[in-house]
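> After the structure tokens below, expect a handful of questions from me.
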Amino acid sequence: MKGWQQFWRQLSLFGLLALVLTGCGKDELSALKPSGPVAAMQYDLMKLSSAIMIGVFIVVMLIFTYVLIRYRKRPGQQGIPKQVEGNHALEILWTVIPFLLLIVMAVPTVTTGFALHEEYPKEEALQVKVTAHQFWWEFEYPDLGVATAQDLVLPVGKKVQFHLTSADVMHAFWIPALGGKIDTNPGQENKMWLQADKTGIFYGKCAELCGASHALMDFKVEVMDQAAFDKWIDGMKGVQSKDPAVATSPGAAQGQEIFNKSCLGCHAVAGKGGKLGPNLTNFADRERVAGILEHTPENVAKWLKDPQKEKTGNNMPNLNLDDAQVKALVEYMSTLSVK
Amino acid sequence: MATHHANAVLPDEPEKATLEGKNKILGFWLFLGGETVLFGSLFATFIALRDQVNGGPTSQQLFDMPLVAAATLILLTSSMTSVMATLALHKKNLKMIQVWLTITVLLGIGFLALEIYEFVHYVHEGHKISTSAFGSAFYTLVGFHGGHVAFGILWIILLQLSAVKKGLTVVTAPKFYLASLYWHFIDVVWVFIFTVVYLMGMIGGKVG
Amino acid sequence: MSAHASHAPAPKRSGLWDWLTTVDHKKIAILYLIAGGIFFLAGGFEALLIRLQLMYPESQVVGAGLFNELITMHGTTMIFLAVMPVIFALMNAVVPLQIGARDVAFPFVNALGFWLFFFGGLLLNTSWFLGGAPDAGWTSYTTLALNQYSGRGVDFYVLGLQIAGLGTLIGGINFLVTIINMRAPGMTFMRMPMFTWASFVTSGLILFAFPAITVGLVLLMFDRLFGGNFFNPDAGGNVIIWEHLFWIFGHPEVYILILPAFGIISEVVSTFSKKRLFGYSSMVFATALIGFLGFMVWAHHMFTTGLGAIANTLFGLATMLIAVPTGIKIFNWLLTMWGGQITFPTANLWAVGFIPTFTIGGMTGVMLAVPPADYQYHDSYFVVAHFHYVIVGGLVSGLFAGLYYWWPKMFGKMLNEKLGKWNFWTFFIGFHLTFFPQHFLGLMGMPRRVYTFLKGQDLDVGNFISTIGVFGMTIGTILFLVNVVVSAKGKRAVADPWDGRTLEWTIPSPPPEYNFAQTPLVRGLDAFWIEKMAGNKGMTPAEPLGDIHMPSPSFLPFLMSVGLFIAGYGFMYHNYVVVVIGLLVTFGCMFARSVKDDPGYHIHEDEIEEKGVKA
Amino acid sequence: MGAHAHNEEVRKPKVKHDSPKRHVVAFIGSLVLTALAFIAVAYEVIPAGFTVPFIVILAFVQAFFQLFVWMHMDQKGHEYARISIFAGLFFILAAIIVFIFWVWV
Ligand code: HEA
Ligand code: HEA
Ligand code: CUA
Ligand SMILES: [Cu+2]
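Protein chains in written order, with the UniProt record's numbering: chain A, 1 to 339; chain B, 1 to 208; chain C, 1 to 615; chain D, 1 to 105.
Have a look at this one:
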């Protein structure tokens with residue numbers, strides 16, 4: 001029987017596979033490429049526990065292979081093996097050693113656990129309120145008087161204290177490269193802190209099944225240096241304290257007219273509008289349309305033509321706009337910027 | 001086990017005289033262990049939701065001590081009378097079994113009547129299953145218990161009727177015994193209901 | 001035993017009617033196996049569609065809505081309707097034989113348990129044709145599972161699982177009583193075969209875990225159908241309660257699944273090493289301890305719910321502890337093989353393959369038990385990889401081992417070894433190919449339950465490999481079916497094809513309906529082996545040959561379950577006439593059963609001897 | 001019992017404590033415990049903070065009374081009954097404690 005050779009061949013195949021896969025995690029997304037202290041602490045725990053586990057696994061496999069090779073029944077082998085009842089020393093050994101290994105793991109588990117549940121007041125951390133919706137994210141900076149959606153903007157190297165809740169069903173807020181997730185529960189507020197130590201864009205995901213388009217409930221985290229962040233806040237504050245600016249170009253003005261009529265009920269721009277849909281004040285500055293589509297005029301148009309096609313079951317209705325209206329809206333919306 | 005006397009003279013503790021009987025009693029106890037978890041889960045839910053009145057009536061506004069006390073007294077007494085039925089069973093006295101069980105059933109019906117009256121009254125005060133989480137939890141827990149009482153009543157009546165024809169045998173004896181166990185268990189659950197739901201409700205949600 | 005038992009001959013039954021009315025544990029085992037097998041194919045087919053959809057990024061094999069229905073039904077079907085019944089099949093087929101009993105304690109209840117499970121599962125699956133399957137995940141978290149956010153499918157989930165769960169619960173009680181009261185003389189607890197022990201603990205877990213989900217489902221039903229507010233935050237409800245109730249049941253459930261597999265592995269490894277199980281008493285202790293600890297750790301599925309550092313840490317540490325008794329088992333198996341003469345028929349291949357695979361799954365389990373790290377793993381493909389390693393690589397392997405091992409006893413036919421080996425290797429390789437990459441997908445940021453993933457996130461390769469692997473498992477499964485068909489025409493099985501150690505191998509394959517012509521006298525652990533070593537040809541009987549009393553077949557279990565099945569639809573569509581009709585059928589049958597005692601029938605002494613049993 | 005073994009009438013009952021008196025005493029005990037609980041709440045005789053633990057303890061005492069006396073759980077042959085009830089109780093108490101402390105996060 002060639003079973004065991006095959007088995008080993010297979011195992012080495014996995015080894016290769018593992019290398020290939022680990023090499024490829026995307027910096028912006030992978031939990032294996034931590035970009036902040038929370039993710040780093042978690043990564044350390046992951047490394048420690050996997051090291052212990054691999055150690056135990058190797059021991060098990062060594063005994064396993066030895067036994068299978070050494071004690072296979074040989075052709076012509078006679079007699080009956082000794083019927084061993086047990087062995088107290090051995091049994092104690094494999095009770096105590098795993099227990100000790102668990103203790104090694106338990107200590108950092110406890111310390112990290114409590115460190116991650118620290119809560120920081122506004123003197124020490126930027127406060128951000130997160131509200132999850134089917135299937136988009138709303139972000140508010142209550143102390144700064146700024147609200148945005150889809151793209152979370154954060155300063156680099158500063159603790160951020162999140163207050164999270166949901167407007168409808170349960171979602172979970174997850175930025176793998178910055179740290180683990182936490183659920184957003186309707187009717188309750190959860191807290192979590194994170195910190196980004198690198199500027200750039202990170203990918204965020206919804207990690208709790210929340211309906212048809214759970215898979216597409218992505219968001220982006222834009223981490224900038226403190227100065228750029230302050231500037232962004234000032235820009236947002238400046239715009240959001242006023243009524244929407246009147247568009248200048250004729251196309252955009254036409255678009256704004258449609259927008260005020262059909263869209264403002266759900267979407268806020270500057271200091272005006274509803275909260276049923278994402279705040280669009282800085283729509284033109286965003287990385288993606290609706291969290292998933294690349295931000296191009298074509299994609300904005302695609303979204304406006306048939307939002308349900310891009311994201312099944314989302315709460316923006318198909319408004320049956322004709323091409324001209326869409327064109328005007330796209331032009332208007334490209335002016336919604338604070339940069 | 002079956003001697004030639006078997007039909008004429010019942011063995012001691014006839015409910016456990018056969019393997020079937022023993023199996024039934026053991027199985028029923030295990031079932032009661034499961035019921036413990038069942039009611040425990042309902043209690044846990046109730047405790048978590050008892051202050052969530054959503055603008056509806058609170059437990060302090062609703063509950064009425066004399067009513068609960070009366071219901072408790074009735075149910076406790078019925079548990080007592082059902083134990084008397086078991087004692088009669090051990091004396092192999094079918095007539096006394098029937099007498100005690102009849103009293104038990106009547107008391108059970110009385111208890112149910114009180115509970116139905118209570119529920120109707122609450123609904124009139126605007127306390128419904130859909131009013132609040134408290135309302136849902138209250139009716140589910142107390143209603144589940146009431147459902148058990150109702151089932152017990154029907155069960156015992158059925159046993160009584162069929163025993164008229166069959167008499168007391170090693171087949172019917174375990175059934176009487178189980179019905180009595182069941183009835184006691186319902187009473188034990190009620191002890192926690194009057195404590196956790198009613199008495200703690202009257203104290204209010206300040207403590208605990 | 002009953003004084004009123006009639007001496008009428010065995011009633012004549014034939015064909016379908018026999019199967020619909022049987023109360024014989026061996027036939028019920030076959031019913032469980034067939035129904036569970038069909039549901040396994042359905043769940044596997046759903047898995048196949050899931051993987052096809054995820055083969056490439058942004059593909060559209062199935063839409064977003066359908067995908068959610070598929071994962072929900074895949075998880076629910078596999079757990080409740082596929083592997084649980086197959087476990088019950090093996091327990092039914094083997095436990096009474098291993099303890100030297102003629103049947104289970106409550107044959108009628110046994111049949112009822114099967115039919116309840118069957119009709120519950122049927123009800124759940126009819127949702128596909130009646131407006132859509134449930135789509136809120138097998139965990140059915142609220143508020144997504146409430147009316148406002150999901151369709152009628154969840155009603156099917158609630159009622160289907162309620163009915164099926166009832167069947168499982170009474171099945172569990174039945175096995176507890178059977179094992180406690182029906183053991184043959186001399187079969188003390190510490191002489192029980194490991195599989196019986198595992199069945200015992202599993203049944204205990206069923207007894208205490210299922211009531212929690214019963215309550216959870218009742219609450220969900222009230223919210224969905226009768227305006228309740230348990231989970232509606234706007235009226236003071238709380239969504240966390242569902243999570244707790246679900247996992248208070250759900251975590252013990254995974255040990256309900258795995259313990260019987262542990263039992264099977266213990267039997268198979270010991271038989272094919274020709275050695276007694278190493279450390280039997282510590283195995284028993286470990287089984288019980290796993291069962292006990294299993295109730296104390298449910299919140300490890302809720303680390304990201306926001307319970308806080310204290311709760312998370314306590315539950316995390318408690319969870320890790322389970323590694324210790326499980327490790328005891330792994331090492332005991334290894335040492336059972338140590339010094340033996342190991343042979344590798346298919347049954348043992350599965351058992352031996354189980355050990356490293358399950359160990360990997362257990363390892364990732366312990367990693368998940370570290371709460372801060374779990375904030376990264378949770379609801380990602382890492383978790384999917386973990387539980388398929390323990391469930392498919394562990395439990396399903398164990399079930400295959402058990403099926404190859406006990407098939408001769410159940411059906412009187414040997415499964416083909418050559419096909420069996422192909423079955424094993426294709427499934428085994430396909431399995432690792434499917435689920436090993438998923439660990440990394442999870443760590444690389446892929447959440448679970450996503451119907452698609454976008455391009456440019458480096459998730460393509462892993463998903464592709466993962467999908468390829470499923471074909472291996474599909475081929476493996478189909479080979480098993482082929483094997484079943486081929487073996488039906490294959491060679492007859494002898495009473496003791498594997499040189500077995502326990503009582504089931506002392507009687508013919510398949511056993512006569514009364515199992516043991518004479519109840520055997522048990523003189524130690526591995527009762528049959530002891531007799532073999534003492535040079536005896538069989539067991540010493542513990543009683544003289546005599547008439548055997550058997551319970552009568554009954555159609556009532558079937559009818560009672562149909563009644564609940566009908567009432568279930570009534571509840572869903574708020575049609576109370578239908579509810580009343582259904583419940584009347586059920587209670588009417590209960591009434592009939594209670595009023596009319598079953599006299600049973602006797603198999604006469606002469607008939608037993610005719611079948612070739614020495615007096 | 002030897003010679004009389006086949007004489008069913010003479011055989012002593014296996015259960016000796018099963019007299020009505022015992023059960024009546026238990027009944028009165030239950031009534032007293034119940035009354036205590038009601039009085040504690042109605043007349044606020046003990047400090048409010050203690051009332052809840054007090055009546056909960058009374059409930060447990062009464063429950064055990066009934067389980068052991070009325071349901072005969074104290075007797076031989078009830079080992080599994082005890083295991084079953086206590087295991088159920090133990091598991092569910094863990095759940096209740098968690099519900100009290102960790103449901104309203
Ligand atoms: C048969 C089923 C089964 C089994 C046996 C297990 C076994 C274990 N599981 Fe698993 N689990 C599931 C089925 C199962 N699980 C399922 C279905 C889910 C997901 C549900 C869902 O969300 O849909 C899940 C999810 C799950 C989670 C939640 C993850 C999350 O959602 O975030 C956790 C967290 O702690 C966990 C832990 C464990 C642990 C510690 C074990 C332990 O019992 C493992 C013990 C075994 C070993 C450790 C290996 C052998 C031991 C040794 C060789 C000794 C030496 C070892 C050490 C020193 C470590 N499991
Ligand atoms: C016992 C439990 C069990 C079993 C055996 C399996 C078996 C398999 N599972 Fe499943 N799985 C779960 C329990 C189980 N699973 C649970 C609980 C979930 C979570 C659900 C949720 O999130 O709510 C899950 C989720 C889950 C996912 C994640 C979905 C998601 O999060 O988006 C995936 C993806 O790969 C998957 C794949 C598979 C595969 C490939 C198999 C394979 O092993 C299947 C092998 C079998 C076959 C391939 C069948 C072959 C036969 C045929 C094809 C013939 C068909 C013919 C006819 C019907 C006539 N499963
Ligand atoms: Cu929101 Cu998933
Ligand atoms: Cu678990």
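For glycine and all other residues, C-beta sits at the position ideal for the given N, C-alpha and C.
1) Are there 16 or more other CB atoms within 10 angstroms of the CB of C/K409, so buried, or fewer, so exposed?
2) Going by DSSP, what residue range makes up the beta strand (DSSP E) through A/L152?
3) Spatial neighbours of C/V390 within its chain, please: CB distance less than 8 Å, with the 5 preceding and 5 following residues excluded, ordered by chain position.
4) Hey, would you say the C-beta of C/H251 is under 6 Å away from at least one heavy atom of ligand 4?
5) Mind listing which residues of the region 43-62 of chain B have their C-beta closer than 7 Å to chain C's C-betas, in chain order?
6) Bridge partners for A/E222 per DSSP, in chain order?
7) For B/V149, which residues in chain D fall below 9 Å Cβ to Cβ?
8) Once you ignore the five residues that flank C/F303 on each side, which residues in its own chain have a CB closer than 8 Å to its CB?
9) Regarding A/M316 and ligand 3, is the C-beta to nearest heavy atom distance less than 6 Å?
10) Can you name the residues of chain C whose CB is closer than 8 Å to the CB of A/I233?
11) Tell me whether B/G201 is buried or exposed, calling it buried when 16 or more other Cβ atoms sit within 10 Å of its Cβ.
12) Which residue comes first and which comes last in the alpha helix (DSSP H) that contains A/T65?
13) Tell me the start and end of each unbroken alpha helix (DSSP H) in the region 121-205 of chain C that is at least 4 residues and wholly inside, in chain order.
14) Please compile the residues from chain A whose C-beta is within a distance smaller than 8 Å of the C-beta of residue 616 of chain C.
15) Please confirm whether any heavy atom of ligand 2 lies closer than 6 Å to the CB of C/I206.
16) Quick check: is the beta carbon of B/H184 nearer than 7 Å to any beta carbon in chain D?
17) In three-state terms, what does DSSP make of B/M1?
18) To which residues of the same chain is A/M333 closer than 8 Å at the C-beta, ignoring the five residues directly before and after it?
19) From B/T36 to B/A44, what distance separates their C-alpha atoms?
20) Please return the same chain residues whose Cβ sits closer than 6 Å to the Cβ of C/L116, not counting the five positions on each side in sequence.
21) In angstroms, rounded to a whole number, what distance separates the CA positions of A/A290 and A/W136?
22) State buried or exposed for A/V104, treating a residue as buried only when at least 16 other CB atoms are found within 10 Å of its CB.
23) Do you know how far the Cα of D/Q66 is from the Cα of C/G186?
24) For D/P20, count the other beta carbons within 10 Å of its own beta carbon; 16 or more makes it buried, fewer makes it exposed. Which is it?
25) Specify the secondary structure class of B/L87 as computed by DSSP and reduced to three states.
26) List in chain order: all unbroken beta strand (DSSP E) runs of 3+ residues lying wholly within the region 429-516 of chain C.
27) Report back the beta-carbon spacing between C/A198 and C/G100 to the nearest angstrom; my notes put them in contact at under 8 Å.
28) What's the C-alpha gap between A/D197 and C/F480?
29) Relative to the C-alpha of C/R191, which candidate in C/I566, C/D526, C/V585 has its C-alpha closest?
30) Is it the case that the CB of A/E138 approaches a heavy atom of ligand 3 more closely than 6 Å?
31) Assign C/W17 to one of two classes, buried (16 or more other C-beta atoms within 10 Å of its C-beta) or exposed (fewer than that).
32) Which bits of chain C does B/G34 rub up against, with CB to CB less than 8 Å?
33) Can you tell me whether C/Q457 is buried or exposed? The criterion is at least 16 other CB atoms within 10 Å of its CB, across all chains shown.
34) Return the residues of the region 55-77 of chain C that lie within a Cβ-Cβ distance of less than 7 Å from chain A, sorted by chain order.
35) With 7 Å set as the bound, which would you pick, yes or no: does the beta-carbon of A/T98 sit closer than that to a beta-carbon of chain C?
36) Counting only Cβ pairs nearer than 7 Å, list the residues of chain D close to B/A69.
So, from the data block:
1) For the purposes of this step, residue 409 of chain C is taken as the residue at position 409 of the third sequence. When all chains shown are included, C/K409 counts as buried.
2) Residue mapping note: residue 152 of chain A aligns to position 152 of the first sequence, counting from 1. Its beta strand (DSSP E) spans residues 151-155.
3) Taking the third sequence and counting its residues from 1, the one referred to as residue 390 of chain C is at position 390. Result list for C/V390: V254, I258, F358, G361, G362, G365, in chain order.
4) As a working mapping, residue 251 of chain C is identified with position 251 in the third sequence. Yes, the beta carbon of C/H251 sits closer than 6 Å to at least one heavy atom of ligand 4.
5) The region 43-62 of chain B vs chain C, Cβ under 7 Å: T45, A48, L49, Q52, V53, N54.
6) For the purposes of this step, residue 222 of chain A is taken as residue 222 along the first sequence, with counting starting at 1. As a beta-bridge residue in DSSP terms, A/E222 pairs with A/V153, A/I201.
7) Residue numbering aside, residue 149 of chain B sits at position 149 when the second sequence is read from its first letter. What B/V149 touches in chain D, judged by beta-carbon distance under 9 Å, is nothing: the nearest beta carbon there is about 16 Å away.
8) To locate residue 303 of chain C, count along the third sequence from 1; it is residue 303. So the qualifying residues of the chain are N312, F315, G316, P371, D374, Y375, H378.
9) Along the first sequence, read from residue 1 onward, the residue named residue 316 of chain A stands at position 316. If you check the C-beta of A/M316 against ligand 3, you find no heavy atom less than 6 Å away.
10) As a working mapping, residue 233 of chain A is identified with position 233 in the first sequence. The premise fails here: A/I233 is roughly 28 Å from chain C at the closest Cβ pair, so nothing lies under 8 Å.
11) Within the second sequence, numbered from 1, the residue matching residue 201 of chain B stands at position 201. By the C-beta density criterion, B/G201 is buried, having at least 16 other C-beta atoms within 10 angstroms.
12) Within the first sequence, residue 65 of chain A is the residue found at index 65, counting from 1. Element bounds for A/T65: 37-70.
13) Taking only runs of at least 4 residues, the alpha helix (DSSP H) segments lying wholly in the region 121-205 of chain C are 153-181.
14) With chain C covering only 1 through 615, there is no way to say anything about residue 616 of chain C.
15) Residue numbering aside, residue 206 of chain C sits at position 206 when the third sequence is read from its first letter. No, ligand 2 has no heavy atom inside 6 Å of this Cβ.
16) Position 184 of the second sequence, counted from the start, is the residue given in the question as residue 184 of chain B. Chain D contact via Cβ: present.
17) For the purposes of this step, residue 1 of chain B is taken as residue 1 along the second sequence, with counting starting at 1. Low local confidence applies: a pLDDT of 37 at B/M1 is under 50, so the model's placement there is unreliable, with the coordinate-based value given in what follows. In the structure shown, B/M1 sits in coil (DSSP, three-state: anything other than H, G, I, E or B).
18) By one-based count along the first sequence, residue 333 of chain A stands at place 333. Short of 8 Å from the beta carbon of A/M333, and not among the five residues preceding or following it, lie these beta carbons of its own chain, in chain order: G255, F259, L280, F283, A284, V300.
19) If you number the second sequence from 1, residue 36 of chain B lands on position 36. If you number the second sequence from 1, residue 44 of chain B lands on position 44. It is roughly 12 Å from the alpha-carbon of B/T36 to the alpha-carbon of B/A44.
20) Counted from its first residue, the third sequence places residue 116 of chain C at position 116. I163, L166, G167, S561, listed in sequence order.
21) In the first sequence, residue 290 of chain A corresponds to position 290, counting from 1. In the first sequence, residue 136 of chain A corresponds to position 136, counting from 1. The alpha-carbon separation between A/A290 and A/W136 amounts to approximately 7 Å.
22) As a first step, residue 104 of chain A is located in the first sequence; it is residue number 104 there, counting from the start. Exposed, because fewer than 16 other Cβ atoms sit within 10 Å of the Cβ of A/V104.
23) Translated into positions along the third sequence, residue 186 of chain C becomes position 186. Translated into positions along the fourth sequence, residue 66 of chain D becomes position 66. Approximately 36 Å, taken between the alpha carbons.
24) The count along the fourth sequence starts at 1 and reaches residue 20 of chain D at position 20. Under this definition D/P20 is an exposed residue.
25) Working through the second sequence from its first residue, we reach residue 87 of chain B at position 87. Three-state DSSP puts B/L87 in a helix.
26) Taking only runs of at least 3 residues, no beta strand (DSSP E) segment lies wholly in the region 429-516 of chain C.
27) Residue numbering aside, residue 198 of chain C sits at position 198 when the third sequence is read from its first letter. Residue numbering aside, residue 100 of chain C sits at position 100 when the third sequence is read from its first letter. Separation of the CB atoms of C/A198 and C/G100 is rounded to 18 Å, and the pair is thereby denied contact status at 8 Å.
28) Within the first sequence, residue 197 of chain A is the residue found at index 197, counting from 1. Within the third sequence, residue 480 of chain C is the residue found at index 480, counting from 1. Cα to Cα, A/D197 sits roughly 54 Å from C/F480.
29) Taking the third sequence and counting its residues from 1, the one referred to as residue 191 of chain C is at position 191. For the options C/I566, C/D526, C/V585, the alpha carbon positioned closest to that of C/R191 is the one of C/D526.
30) Walking along the first sequence from the start, residue 138 of chain A turns up at place 138. For A/E138, the CB stays at least 6 Å from every heavy atom of ligand 3.
31) Counting from 1 along the third sequence, the entry for residue 17 of chain C is found at position 17. With fewer than 16 other Cβ atoms within 10 Å, it is exposed.
32) One-based indexing of the second sequence puts residue 34 of chain B at position 34. What B/G34 touches in chain C: L169, I173, L207, F208, F210, P211.
33) Counting from 1 along the third sequence, the entry for residue 457 of chain C is found at position 457. When all chains shown are included, C/Q457 counts as buried.
34) Within the region 55-77 of chain C, contact with chain A at the beta-carbon level (separation under 7 Å) is assigned to G63, A64, G65, N68.
35) Taking the first sequence and counting its residues from 1, the one referred to as residue 98 of chain A is at position 98. Position check: residue 98 of chain A holds Pro in this sequence, whereas Thr was assumed. Put simply, the CB of A/P98 is near chain C, with a gap under 7 Å to one of its CB atoms.
36) Numbered from its first residue, the second sequence carries residue 69 of chain B at position 69. B/A69 reaches chain D at F38, counting residues in chain order whose Cβ is nearer than 7 Å.
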